[in-house]
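For the record, the sequence lines run as chains A and B. Numbering of the first sequence is given in this note's numbering, commencing with residue 1 and proceeding in unit increments. Numbering of the second sequence is given in this note's numbering, commencing with residue 1001 and proceeding in unit increments. By construction, the Cβ of each residue, glycine as well, lies at the ideal position given by its N, Cα and C atoms.
Protein chains: 2
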Amino acid sequence: MPRASRPSKPARRSSCPISCALDILGDRWSLLIVRDLFRGLSRYGEFAAGPEGIPTNILADRLVRLEDAGILTSTAYQQNPPRYAYALSAKGRALKPILAALAGWSLQHVPRTSADPALQALLQTAGAASPPA
Amino acid sequence: MPRASRPSKPARRSSCPISCALDILGDRWSLLIVRDLFRGLSRYGEFAAGPEGIPTNILADRLVRLEDAGILTSTAYQQNPPRYAYALSAKGRALKPILAALAGWSLQHVPRTSADPALQALLQTAGAASPPA
DNA sequence: CGCGACACTTGCGTTTTGCAAGTGGAACCG
DNA sequence: CGGTTCCACTTGCAAAACGCAAGTGTCGCG
């Protein structure tokens, strides 16, 4: 059974919006997948080939979790064997200010960080929260 | 030896600013401590008493890590036994837009989240990112 | 001296991570 | 038509991180 969604809910720690956001996104990989989706990547192999080298079992797990959270959607681009392309939902596109804030902070305060042209272009358009669909 | 700093560096995954930010902040607790510091809390017991219930060993570990990362500073407010008050550095205060973006996203997209008055006041003074009109 | 508060530290079982290797089906090659 | 490659995962397993609970040391108070 591919694309398996879990029925269980991990239960939130509090109703604080920051805590709830971290319950969903608070790990070292989830937002990197979101970043790659913003850059136009859409397939498993593309995420796995990124410079950070995400382990493939973690990648598969995070794709399921992010889909469960409504942040991305998967659509089959071929039937046999089933293969999926991933894309951000509106909820996922709304994460752009978070990525922009993280990137801005690192560029200012963490030595030896640099945004490649594709990321710079993404951050340029971060101010507006409602891009044309 | 209290306030022990570690000499070892975990090594960053890439030079991407988002990846580097997550190397430092990419877990479920670090930014909650930063949030509490923004709210004016400064002592170990105050952090431990928060609604999320951070385990005390994790709290102690994160305080050391955040200090190592230059995000917070600890100053002794009594000598024997040594007791420390924690405060954000400039680097830590620069994290406010990240907290604001996380909170804004949750309030809009995660059901049953609510910012208490203290957090609302904090988000009011955020650089300029989230209020969606 | 006993007691509680504060700020941690330690033990230990559970969960998550991450490396590596394996699996299954289509496609290409000869 | 067998063999190899590619793609997208899945599985095994050891190491690390997590989280609960209990313990430690110091001080202040009665």
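Backbone CA spacing between leucine 71/A and alanine 1090/B [nearest angstrom]:
One detail in the question is off: residue 71/A reads as isoleucine in this sequence, not leucine. Whole-angstrom Cα-Cα distance: 32 Å.
Are the CB atoms of phenylalanine 1047/B and aspartate 1036/B nearer to each other than 7 Å?
Taking a C-beta distance under 7 Å as the contact criterion, phenylalanine 1047/B and aspartate 1036/B qualify as a contact pair.
So who's on the other strand from glutamine 78/A, going by DSSP bridges?
Arg83/A, per the DSSP bridge assignment.
Is the beta carbon of leucine 88/A sitting closer than 7 Å to the one on alanine 1021/B?
Annotated as distal: leucine 88/A and alanine 1021/B, with beta-carbon spacing of 7 Å or more.
Looking only at C-alpha atoms, which of Pro1117/B, Leu1122/B, Val1064/B and Asn1080/B sits nearest to lysine 1030/B?
Reading off the sequence, residue 1030/B comes out as serine, not lysine. The candidate whose alpha carbon is nearest that of serine 1030/B is Val1064/B.
Counting contacts by CB-CB distance shorter than 7 Å, is leucine 63/A in contact with chain B?
For leucine 63/A, the answer is no, since every Cβ of chain B falls outside 7 Å of its Cβ.
Leaving out five residues before and five after lysine 96/A in sequence, what residues of the same chain have Cβ atoms less than 6 Å from its Cβ?
In the same chain as lysine 96/A, and ignoring 5 residues on each side of it, the C-beta atoms closer than 6 Å to its own belong to Ala126, in chain order.
Proximal residues of chain B, C-beta to C-beta of lysine 91/A below 7 Å
Within 7 Å Cβ-Cβ: His1109.
Whole runs of the alpha helix (DSSP H) within the segment 33-107 of chain A, excluding any shorter than 4 residues
The segment 33-107 of chain A contains these whole alpha helix (DSSP H) runs: 44-48, 56-68 and 90-93.
Expressed to the nearest angstrom, what Euclidean distance is found between the alpha-carbon atoms of serine 42/A and leucine 1123/B?
Cα-Cα distance, rounded: 34 Å.
Where the alpha helix (DSSP H) through cysteine 1200/B begins and ends
In this structure chain B extends from 1001 to 1133, so residue 1200/B is not present and cannot be described.
Is alanine 1094/B near the ligand SAH - that is, is its Cβ less than 6 Å away from at least one heavy atom of it?
This structure simply doesn't include the ligand SAH, nor any ligand for that matter.
Compare the C-alpha of glycine 92/A against each of Asn1080/B, Arg1093/B and Trp1105/B and name the closest.
If we check each option's Cα against that of glycine 92/A, Trp1105/B comes out closest.
With 7 Å set as the bound, which would you pick, yes or no: does the beta-carbon of threonine 125/A sit closer than that to a beta-carbon of chain B?
It does not: the Cβ of threonine 125/A has no partner Cβ on chain B nearer than 7 Å.
Classify glutamine 1121/B as helix, strand or coil using the three-state DSSP reduction.
The sequence as given places alanine at residue 1121/B; glutamine does not occur at that position. Three-state DSSP puts alanine 1121/B in a helix.
Within its chain, find whatever has a CB closer than 6 Å to the CB of tyrosine 1086/B; leave out the 5 residues flanking it on each side and keep chain order.
Residues Ser1042, Leu1072 and Ser1074 of the same chain have their beta carbon placed closer than 6 Å to that of tyrosine 1086/B, with the five preceding and five following residues left out of the count.
Taking all protein chains shown into account, do 16 or more other C-beta atoms lie within 10 angstroms of the C-beta of proline 1082/B, making it buried, or fewer, making it exposed?
The residue in question, proline 1082/B, is exposed, as its Cβ has fewer than 16 Cβ neighbours within 10 Å.
Could you name the residues of the same chain whose beta carbon sits closer than 7 Å to that of alanine 1115/B, not counting the 5 residues immediately before and after it, in chain order?
Closer than 7 Å at Cβ, skipping near neighbours: Ala1103, Leu1107 and Leu1123.
What separation, rounded to the nearest whole angstrom, lies between the Cα atoms of leucine 119/A and serine 1019/B?
In this model, leucine 119/A and serine 1019/B are separated by some 12 Å (Cα to Cα).
Between valine 110/A and proline 1017/B, how many whole angstroms is the CB-CB distance? I'm expecting something under 8 Å.
The Cβ separation is near 7 Å, so the contact holds.
So, glycine 26/A versus arginine 1028/B, is the Cβ gap smaller than 7 Å?
Yes; because the gap between Cβ atoms is below 7 Å, this pair is in contact.
Near alanine 76/A, what residues of its chain come up, given a Cβ to Cβ distance below 6 Å and the 5 sequence neighbours on each side ignored?
In chain order, Pro82 and Tyr84 place their CB closer than 6 Å to the CB of alanine 76/A, counting only its own chain and leaving out the 5 sequence neighbours on each side.
Please list the residues of the segment 72-96 of chain A that have a C-beta atom closer than 7 Å to any C-beta atom in chain B, keeping them in chain order.
Within the segment 72-96 of chain A, the residues whose Cβ lies closer than 7 Å to some Cβ of chain B are Lys91, Ala94 and Leu95, listed in chain order.
Which class does serine 1000/B belong to by DSSP, given the choice of helix, strand or coil?
Nothing about residue 1000/B can be read from this structure; chain B reaches only from 1001 to 1133.
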